[in-house]
Each structure stands twice: as C-alpha cells, then as structure tokens.
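Quick note, the sequence shown lines up with residues -18 to 247 if you use the numbering used here.
What follows is a set of notes on a single structure, which appears directly below.
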Amino acid sequence: MTKLNCVNLDKFMEEFTRLEQKIAEVNGKNSVLETMMDDASRLVKFYLTKEKCLIEERDSLLVTLNRLQQTVQEQCNLRVENERLKNEMTDLRRQNEQTAEDGEAEVQRLLGEMKAEEERHKRELETVRQQWWAEVEDTHREGLNHLEAKDAEVKKLLEEKDLELEEMKKRLKDQERERQSELLRLQMEFGAKLARVQSAAQLSQQQQQQQHASNLLPQSVFKRKLQFVQEEKNKEIAALRQRIKELEENQRAGILSEGRLKRRKI
C-alpha cells in the first residue's frame, strides 16, 4: 500500500512538472502576444495620427489650390478685359485718324474751290476791264454796275465759304473733345478694374498669411507659387500702364501735329 502511494506521488510530481512547463510556455507566448499587441496598438495610433495629419494637409492644399485657381481665373478675366479695351482704343484712334483725314480733305477741297473762284473772278475782272476800255461812254456806267454786282456776288460767296470753313473747324474741335472724353472714360474704367484686382490680390495674400500662422505644417512651395503668380500679375499691370502711357503720348503728339497743320493751312 505504501509503495503504491509512492509511485502515484512520483507520477503526480512528474505531471505537475510538465504542467508547470506548459504553463510557463503559455505565459511566454502570452508575453510575446502582449508585446505584439502593444506594437500593433502603437502602429494603429501612429497611422491614425498620420492619417489625421494627411487629411488636414489635404484640406489645406485644397483651400490653397482653390484660391490659386480663383487668382488665375481673375488674371484671365483681366487679360480678356484688357484686350477688349485695347481693341476699343485702337478702333477709336483709327476713327480719329479717319476723321482728321476727312477734315483735311474737306479743307483742301474748300481751299481749291476758293482759289478757283478767285481765278475765275480775276478773269472776269480782266474781261470787264477790257470791255470797259472798248465800250463807249454810254455803256461805261452799265459795265461799272455789272462789275459792282460781280464784286458783291464774289464777296457773298467768299463769306459763305468762310462760314463753311468755320463750321468745319467747329466740328473738328467737337470731335477732338469727344475723343478726349472717350479716352478719359477708358482710363478711368481701366483704373477702377485695376484697383479691384489689386484689392482682391491683397485680400487673398492676407488670408494666405493668416492660414499660415494657424497651420503648423510648412507651405513654402505654395508660397513660392503664389509669389510667382503675384509677380506675373505685377508685370502685366506694369505693361498695361506703359501701354496707356504710350497711347497718351501718341494722343498728345497727334493733337500737336493737328494744331500745327491747322495753323499752316490758315
């Protein structure tokens, strides 16, 4: 009986030892699994944080892209409007040149008519003088009356031509004033649109600076792009200002040239 108990105790101790080994193995595996779980949790947190940062960066990039697209669209609209204004100014200058040419042709025609009339009058006077010397005393008075009538007719005709010339000069002055008014209107319209574009660009730049102050992520690339767009816009504005300055100089030169031409004709 005692021997049987000893055998069972040894067997029990052996099984208990194996059980402890299995428990130790299970505990080791559990430790490994816990370590893996911790690593997996850290990775999940890292990826969630990274995903949140990427989403915020994406939203910021979308806002910046939309503003850049809006700025580009405004630049395109401004270019179209500038082209339209250039075409209108070109048409106006062409019309002014045509009007000046027509006025000059009309003045030349009137001068030619006046010269022809003077020549005809001279020939008629010469004829009257010859007849006066050839006629007898009783026809002398009739010839003198005829000469006076011709003088009155010529004087009246000259007065009419002078009135026509004054009317032509008045029309030319009115057309010049209308041309100056149209040029001033175009300049004021361009200045107003230019001020609106500059105000919109400044507002966009201020909003970009405020967003940069509140956002911790670097945005140097988009700053450079925005600066490039701003520089291009400034170049275009400078070119437009230079073009308007040239048009004004050409306008002043045309006015001076027309004034000298009128003085020479007079």
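Using N, Cα and C, we set each Cβ at its ideal position, and we do this for glycine too.
- Here DSSP, grouped into helix, strand and coil, assigns GLU123 to helix.
- The beta-carbon separation of LEU138 and GLU98, rounded to 6 Å, stays under the 8 Å limit for a contact.
- Here GLU116 carries a coil assignment [DSSP, helix/strand/coil].
- Distances from the alpha-carbon of ARG48 to those of GLU62, GLN112, ALA181 and LEU24 put ALA181 closest.
- With contacts defined as CB atoms closer than 8 Å, GLN56 and LYS214 qualify as a contacting pair.
- Between the alpha carbons of ARG23 and GLN183 lies a gap of roughly 45 Å.
- Straight through space, the alpha carbons of LEU91 and MET169 are spaced by roughly 39 Å.
- GLN208 has its alpha-carbon roughly 44 Å from the corresponding atom of ALA21.
- Contact between MET95 and LYS142 holds: their C-beta atoms lie close to 5 Å from each other, under 8 Å.
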